[in-house]
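Comments concern the structure below.
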Ligand SMILES: Nc1ncnc2c1ncn2[C@@H]1O[C@H](COP(=O)(O)OP(=O)(O)O)[C@@H](O)[C@H]1O
Ligand SMILES: [Mg+2]
């Protein structure tokens, strides 16, 4: 019947119910008691005043039998209107009259004694009886048993018990209902998750509860999709990697076997050995770049950020690539504000710039320009060459691992550039220049 959540729901409902009832019934009891006592006191004193007034002309002397009798007649007449019990005493504290006989001595004493509080379980009021001259000649003491006053409260408690039982039953029904609407979507989601983790198959029926469970379901679906995407890209990466490694390995193997078998000799053999060396270097390069890229993406390569002068950094990169540029007759113009300082890991940014410039030298005709535009909180760095630029839509694939176009090499350079720029909280995009050539635009934070 009830599952764990249902039981929890029911229990909390009951606890709440009992707390609410006990608080309300205690408050009610307390307030109603006070009210009842106050009201009774008021009643007692007004009744007492009536009796005291009736007794103004009646002597309360114990010796006066006539007085006693006359008094009693008056009192008996008055008692008809009074619900409480009463005792009348004279100024010598002799009891002239009492409406009930079976009261224990202690209670009577407490009632009669001046200044004493009412005996436990009673409410009492004492009113002086004055004669015509205004001097006190005795007292009327009216009293009522509290039990009689609280009769109402007992009735109330009975009603409360019935309401607790009724509310409890309603609570049971409500929690059964809630359990159904709460637990069944959770069960459905659990099944979905189990199915996915067992078979990698996503049940795409959405859970439409309109609450947190629906949100959870949506997040779960989004998560599985990104896991799938990650799996696919990982798969692709492995395939690409093995393909890229295989090509140089095959040619190394081919030449090595040919040399060993004596198929190629002399000058041809020398060329073969050259190719083996070249391809081994290429393999080493790919592996090194892959390792570096993986370390960057897994944040294993920690950035050491230091304020660095951008112009100096770019100048150093150009120095290191100068020979290559001269060899190809390519001029590099630097137009960078010499004041710009950016927080960066200069080794890594150097590596990124080197990648961009060596690509530029490969594709430029005669010229590469590097410009900077200072903006609030960032610097825009533009690296432009006068080559033939990118082919249709090529600019969207450039940064993918192993993507290489015509005359490309490993296809990992721009992935590394992007990873480095992003590790600096920067951005990089590529597009064709209006006239001719490729533009790489970097946004780097200056703070
Ligand atoms: N300045 C450029 N002009 C034209 N094409 C470029 C330029 N820079 C990069 N590319 C294209 O982007 C591809 C990827 O570059 P990169 O990731 O550095 O790999 P790689 O240099 O090993 O080929 C290159 O093969 C080339 O097709
Ligand atoms: Mg490159």
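In the numbering used here, the protein residues as written are 135 to 581. Ideal Cβ positions, reconstructed from N, Cα and C, are used throughout, including at glycine.
> Is any heavy atom in ligand 3 found nearer than 8 Å to the beta carbon of residue 396?
Replying inline: Ligand 3 is not part of the structure shown, which contains ligand 1 and ligand 2 as its ligands.
> In the segment 358-414, which residue ranges form an unbroken alpha helix (DSSP H) of at least 4 residues, counting only runs that do not cross its ends?
Replying inline: Runs of the alpha helix (DSSP H) inside the segment 358-414: none found.
>> Please determine whether the Cβ atom of residue 489 lies at a distance below 8 Å from any heavy atom of ligand 1.
In response: It does: the Cβ of residue 489 is within 8 Å (strictly closer) of some heavy atom of ligand 1.
> For residue 312, which residues from the same chain have a beta carbon less than 7 Å from its beta carbon, with the 5 sequence-adjacent residues on both sides left out?
Replying inline: Counting only Cβ-Cβ distances below 7 Å, and skipping sequence neighbours, we find 143.
> Within the present structure, is the beta-carbon of residue 492 separated from the nearest heavy atom of ligand 1 by less than 8 Å?
Replying inline: It does: the Cβ of residue 492 is within 8 Å (strictly closer) of some heavy atom of ligand 1.
>> Considering just the uninterrupted stretch of the alpha helix (DSSP H) at residue 582, what are its terminal residues?
In response: With the chain running from 135 to 581 in the structure shown, residue 582 is simply not present.
>> Closer than 8 Å is the cut-off here; do at least three beta carbon pairs connect the segment 293-302 with the segment 235-254?
In response: No contact exists between the segment 293-302 and the segment 235-254.
>> If I measure Cβ to Cβ from residue 93 and keep anything under 7 Å in the same chain, skipping five residues before and after, which residues do I get?
In response: Given that the chain is displayed from residue 135 to residue 581, the structure contains no residue 93 and the question cannot be resolved.
>> Report the start-end ranges of each alpha helix (DSSP H) in the segment 453-522 that is 4 residues or longer and not cut off at the edges.
In response: Within the segment 453-522, the complete alpha helix (DSSP H) runs of at least 4 residues are 480-497.
> Between 268, 530, 263 and 149, which lies nearest to residue 306 when the distance is taken from Cα to Cα?
Replying inline: Minimum Cα distance to residue 306 is reached at 149.
> Less than 8 Å between the CB of residue 570 and some heavy atom of ligand 2, yes or no?
Replying inline: No, the beta carbon of residue 570 sits no closer than 8 Å to any heavy atom of ligand 2.
>> Between which residues of its own chain and residue 398 is the CB-CB distance below 6 Å, once the five residues before and five after are set aside?
In response: So the qualifying residues of the chain are 392 and 406.
> If we count the other Cβ atoms within 10 Å of its Cβ and call it buried at 16 or more, is residue 321 buried or exposed?
Replying inline: Under this definition residue 321 is an exposed residue.
>> Taking contact to mean 3 or more Cβ pairs, one atom from each stretch, closer than 8 Å, check whether the segment 149-164 and the segment 250-263 are in contact.
In response: Cβ pair count under 8 Å is below three, so no.
> Opposite residue 319 in the DSSP bridges: which residues?
Replying inline: According to DSSP, which records beta bridges pairwise, residue 319 is partnered with nothing at all.
> Looking at residue 370 and ligand 1, is the gap between the Cβ and the nearest heavy atom below 8 Å?
Replying inline: Residue 370: no, Cβ never under 8 Å from ligand 1.
> Hey, is the segment 435-451 in contact with the segment 400-418, meaning 3+ C-beta pairs nearer than 8 Å?
Replying inline: The answer is no - the segment 400-418 does not touch the segment 435-451, with fewer than three Cβ pairs under 8 Å.
> Near residue 544, which residues of its chain fall below 8 Å by C-beta distance, leaving aside the five closest residues on each side in sequence?
Replying inline: Within the same chain, residue 544 has close Cβ partners 378, 416, 419, 420, 423, 536 and 538.
> Are at least three pairs of beta-carbons, each pair with one atom in the segment 564-572 and one in the segment 517-528, less than 8 Å apart?
Replying inline: They touch, by the three-pair rule.
> Are residue 562 and residue 427 closer than 9 Å when you measure CB to CB?
Replying inline: Taking C-beta atoms as the reference points, residue 562 and residue 427 fail to come closer than 9 Å.
>> So if DSSP puts residue 231 in a beta bridge, which residue, or which two residues, is it bridged to?
In response: Beta-bridge pairing links residue 231 to 222.
>> Measuring straight from C-alpha to C-alpha, what distance separates residue 463 and residue 354?
In response: For residue 463 and residue 354, the gap between their C-alpha atoms comes out near 57 Å.
>> Three Cβ pairs or more, each shorter than 8 Å: is that satisfied between the segment 334-344 and the segment 173-192?
In response: Judged by Cβ distances under 8 Å, the segment 334-344 makes no contact with the segment 173-192, as fewer than three pairs qualify.
> Tell me, which residues are paired with residue 259 by DSSP?
Replying inline: For residue 259, which the question treats as bridged, DSSP gives the partners 276.
> residue 234: which of 270, 278, 249 and 191 sits nearest, CA to CA?
Replying inline: The residue from 270, 278, 249 and 191 with its alpha-carbon nearest to that of residue 234 is 278.
>> In this structure, how does DSSP classify residue 575 when only helix, strand and coil are distinguished?
In response: Of the three classes helix, strand and coil, the one that applies to residue 575 here is strand, per DSSP.
> Where does residue 251 fall in DSSP's three states?
Replying inline: DSSP, read as helix, strand or coil, puts residue 251 in coil.
> In whole angstroms, what is the alpha-carbon distance linking residue 189 and residue 178?
Replying inline: Answer to the nearest angstrom: the Cα atoms are 16 Å apart.
> Between the C-alpha atoms of residue 227 and residue 272, what's the straight-line distance to the nearest angstrom?
Replying inline: Each residue's Cα considered, the two are about 8 Å apart.
> How do the segment 486-496 and the segment 447-467 stand: do at least 3 beta-carbon pairs fall below 8 Å, yes or no?
Replying inline: Yes: the two stretches touch, three or more of their Cβ pairs being nearer than 8 Å.
> Looking only at C-alpha atoms, which of 254, 187 and 255 sits nearest to residue 222?
Replying inline: Ranking the options by Cα distance to residue 222, first place goes to 187.
> By the 10 Å Cβ neighbour count, where 16 or more other Cβ atoms means buried, how is residue 326 classified, buried or exposed?
Replying inline: Buried.
> Are the CB atoms of residue 448 and residue 476 nearer to each other than 9 Å?
Replying inline: Not a contact, by the Cβ cut-off of 9 Å.
>> Tell me which residues share the same chain as residue 301 and place their Cβ nearer than 6 Å to its Cβ, disregarding the 5 neighbours each side in the sequence.
In response: Excluding sequence neighbours, residue 301 sits near 151.
>> In the DSSP output, which residue or residues are listed as bridge partners for residue 566?
In response: Answer is 572.
> Is residue 436 helix, strand or coil when you go by DSSP?
Replying inline: Here residue 436 sits in coil by DSSP.
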